[in-house]
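Peer 1: Take a look at this one; I'll ask things after.
2 protein chains.
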Amino acid sequence: MDHVMANITQQFIDWYEKATGIYISADTMAGKSETGSFPDPELVWSFLFKPGFFGTAKVIDGSQRVIEELNKKYEVFIVSSAMEFPQSLPEKFEWLAKNFPFIKWQQIAFCGSKKLIKGDIMIDDHLKNLEFFDGKKILFAAPHNVLAQGYTRVNNWDEVATMLL
Amino acid sequence: MDHVMANITQQFIDWYEKATGIYISADTMAGKSETGSFPDPELVWSFLFKPGFFGTAKVIDGSQRVIEELNKKYEVFIVSSAMEFPQSLPEKFEWLAKNFPFIKWQQIAFCGSKKLIKGDIMIDDHLKNLEFFDGKKILFAAPHNVLAQGYTRVNNWDEVATMLL
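Residue numbers (this note's numbering), protein chains in the order written: chain L, 1 to 165; chain W, 166 to 330.
Okay, structure coming up:
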């Protein structure tokens, strides 16, 4: 979900500006950790535990349209590493219901680690999630993974559509 | 979790008695669906959507002791089909933190379907969960599965300990 369906980078930028008055451009983030571009990374990290952070995230361009089409052709599961932030669990569920109403509860999983997930194809922004996956691995581009090598990379949902639809 | 770590049968009995004054003994439940022994199955089903139902469930005898030992020998994940009851997500997380404090958030997954779970051994009370699993399947005895054939069955956590420790 995060950085693939939900625009968490923009959410970090917006919440940081609201809290400090400092605007950090996404252009400065390439190759750094998710919080590494901000003068106060611990403040950014603390946002992840705040009510409303995940629930108000914007949808990443094209994700609704393409996932709705994928959902007709494939057995789609939405798997989110959400367990570190327990307050996010109902928020993420409601966010999916609102923005991806064609995804049924049977298709949703919130986990701590994606090591226990099996499937044919995984689309993810984090190498740590793709690492243990047995199927085809697709790295969804995000500022924090621009330097990653050796993975099939997609830059946006149009590229996912071209590859899988 | 349910019927394996959390005593949901007892919770059904207690909540039903509280709501209707009618006590249904667990002895009458063998071979019936989880709600099938109660005069009003829909009322029982509605409990699953009520705040507090999962959070106040009693722990199944021996589960804490044996899972703590399993956790030293194996890489343990707690996987619960919780997504049908979204209000249960934070409750189940807190229930685990309270009753199984040695289980870290990295080891927890809440899903809609267990079809996407991989692993070496699955202990579960529902055939529908074991059905798609690629590893060793262990059926944990519950009233609703007494008639199931063809699975390795354990009747309690002492038997799990004998088998796996």
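Ideal placement from N, C-alpha and C gives every residue a C-beta, glycine not left out. This structure is a prediction, so every number in the text was calculated from the model and none was measured.
Answer with buried or exposed for W:Val311, where buried requires no fewer than 16 other C-beta atoms within 10 angstroms of its C-beta.
Peer 2: exposed
Peer 1: Any idea if L:Asp125 is buried or exposed, counting beta-carbon neighbours within 10 angstroms, 16 or more meaning buried?
Peer 2: buried
Peer 1: If you measure from the beta carbon of W:Ala197 to each beta carbon in chain L, is any gap under 8 angstroms?
Peer 2: Before going on, a small fix: residue 197 of chain W reads as Lys here, not Ala. With its beta carbon at least 8 angstroms from every one in chain L, W:Lys197 lies outside the interface.
Peer 1: Using Cβ-Cβ distances below 7 angstroms, what residues of the region 107 to 141 of chain L are close to chain W?
Peer 2: Gln107, Ile108, Ala109, Phe110, Cys111, Gly112, Ser113, Leu116, Ile117, Lys118 and Gly119
Peer 1: Just to check my reading of the structure: L:Lys114 and L:Phe132 have Cβ atoms closer than 8 angstroms, yes? What is that Cβ distance to the nearest angstrom?
Peer 2: The Cβ separation is near 7 angstroms, so the contact holds.
Peer 1: Let me confirm a value: W:Trp210 is counted as buried when at least 16 other C-beta atoms fall within 10 Å, else exposed. Which label applies?
Peer 2: exposed
Peer 1: Taking DSSP as the reference, what is the three-state secondary structure of W:Phe122?
Peer 2: Here chain W has residues from 166 to 330 only, and residue 122 of chain W is not among them.
Peer 1: Using the Cα positions of L:Gly55 and L:Asp2, report the straight-line distance between them to the nearest angstrom.
Peer 2: Pairing L:Gly55 with L:Asp2, the inter-Cα distance amounts to about 11 angstroms.
Peer 1: Please list the terminal residues of the continuous beta strand (DSSP E) segment that includes L:Thr152.
Peer 2: Thr152 to Val154
Peer 1: On the three-state DSSP scale, how would you describe L:Ile123?
Peer 2: strand
Peer 1: Below 8 angstroms on the Cβ atoms is my guess for W:His309 versus W:Glu199; work out the distance and round it to an integer in Å.
Peer 2: 5 angstroms
Peer 1: So the candidates are W:Ala307, W:Val244 and W:Phe267; which of them puts its Cα closest to the Cα of L:Ile108?
Peer 2: W:Val244
Peer 1: So W:Lys182 contacts chain L; which residues on that side make the cut at Cβ distance below 9 angstroms?
Peer 2: It is worth fixing the name first, because residue 182 of chain W is Glu in this sequence and not Lys. By Cβ distance, chain L contributes nothing, its closest Cβ being about 29 angstroms from W:Glu182, past 9 angstroms.
Peer 1: Is the number of C-beta pairs between the region 224 to 232 of chain W and the region 318 to 327 of chain W that are closer than 8 angstroms three or more?
Peer 2: yes
Peer 1: Could you round the C-beta distance between W:Ser246 and W:Gly277 to whole angstroms and report it? I think they count as a contact, below 8 angstroms.
Peer 2: With 8 angstroms as the limit, W:Ser246 and W:Gly277 qualify as a contact, their Cβ atoms being about 7 angstroms apart.
Peer 1: Check whether the Cβ atoms of W:Gln271 and W:Phe218 sit closer than 8 angstroms, and answer yes or no.
Peer 2: No, they are not a contact pair.
Peer 1: Assuming L:Leu70 contacts L:Leu164 under a Cβ cut-off of 8 angstroms, what Cβ separation, rounded to an integer in Å, is found between them?
Peer 2: 6 angstroms
Peer 1: Does the beta carbon of W:Pro266 sit closer than 8 angstroms to a beta carbon anywhere in chain L?
Peer 2: It does not; no Cβ of chain L falls within 8 angstroms.
Peer 1: Roughly how many angstroms lie between the CA atoms of W:Met194 and L:Val4, to the nearest whole one?
Peer 2: Roughly 46 angstroms between the two C-alpha positions.
Peer 1: Just to confirm, are W:Leu281 and W:Met287 a CB contact at a threshold of 8 angstroms?
Peer 2: no
Peer 1: Quickly, what does DSSP pair W:Ala171 with across the bridge? List them, please.
Peer 2: W:Asp167 and W:Val224
Peer 1: I'd like the list of long-range same chain contacts for L:Leu127, defined as Cβ closer than 8 angstroms, with 5 residues on each side in sequence excluded.
Peer 2: Leu139, Asn145, Ala148 and Tyr151
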